[in-house]
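*Asks:* Position in the sequence shown (first residue = 1) + 4 = this note's numbering.
Beta carbons: idealized from backbone N, C-alpha and C, even for Gly.
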Amino acid sequence: MRTVLSVSLPENMSEELDRFAKGTGRNKSDIVKESLSLFLWEMKLRAVQKKLGPKAKKLGIVSEEDVFKAIS
5 MRTVLSVSLP ENMSEELDRF AKGTGRNKSD IVKESLSLFL WEMKLRAVQK
55 KLGPKAKKLG IVSEEDVFKA IS
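(1) Beta-carbon separation of ILE77 and ALA51 under 8 Å?
(2) Can you tell which of MET17, ASN16, ALA25 and SER33 has the C-alpha that lies nearest to the C-alpha of VAL8?
(3) Pull up the distance between the alpha-carbon of SER12 and that of ARG30, whole angstroms please.
(4) Is DSSP giving MET17 helix, strand or coil here?
(5) Please report the straight-line C-alpha distance between ASP70 and LYS37, rounded to a whole angstrom.
(6) Work out the CA separation of ASN16 and LEU63 for me, nearest whole Å.
(7) Out of SER39, GLY57 and MET5, which has the shortest C-alpha to C-alpha gap to LEU21?
In structure tokens, the structure reads:
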């Protein structure tokens, strides 16, 4: 099921979206869907980082490199 969402954008953002869509040959709807998906993923990641950050620091995991070492 799909839902139609109407969003009001500032003129400069709308123009930038138009230029990007034309420059990449993609439609605006797909660009906005991908952008929203990435934004939501980042917000979930931040929530996990906030929750687990103190525990990770106690284990000496403070950078992305430390995370990759821990899971490799």
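*Replies:* Judging by the given coordinates:
(1) This structure cannot settle anything about residue 77, because the visible part of the chain is limited to 5 through 76.
(2) Start at 1 with the first residue of the sequence shown, and residue 8 comes out as number 4. VAL8 has its Cα closest to that of SER33, out of MET17, ASN16, ALA25 and SER33.
(3) As a working note, residue 12 is residue 8 in the sequence shown. As a working note, residue 30 is residue 26 in the sequence shown. Going by the C-alpha atoms only, they are around 20 Å apart.
(4) As a first step, residue 17 is located in the sequence shown; it is residue number 13 there, counting from the start. MET17: helix per DSSP, three-state reduction.
(5) Working through the sequence shown from its first residue, we reach residue 70 at position 66. Working through the sequence shown from its first residue, we reach residue 37 at position 33. Those two C-alpha atoms are separated by around 32 Å.
(6) Looking up residue 63 in the sequence shown gives position 59. Looking up residue 16 in the sequence shown gives position 12. For LEU63 and ASN16, the distance between alpha carbons rounds to 46 Å.
(7) Position 17 of the sequence shown, counted from the start, is the residue given in the question as residue 21. For LEU21, the nearest C-alpha among the options comes from SER39.
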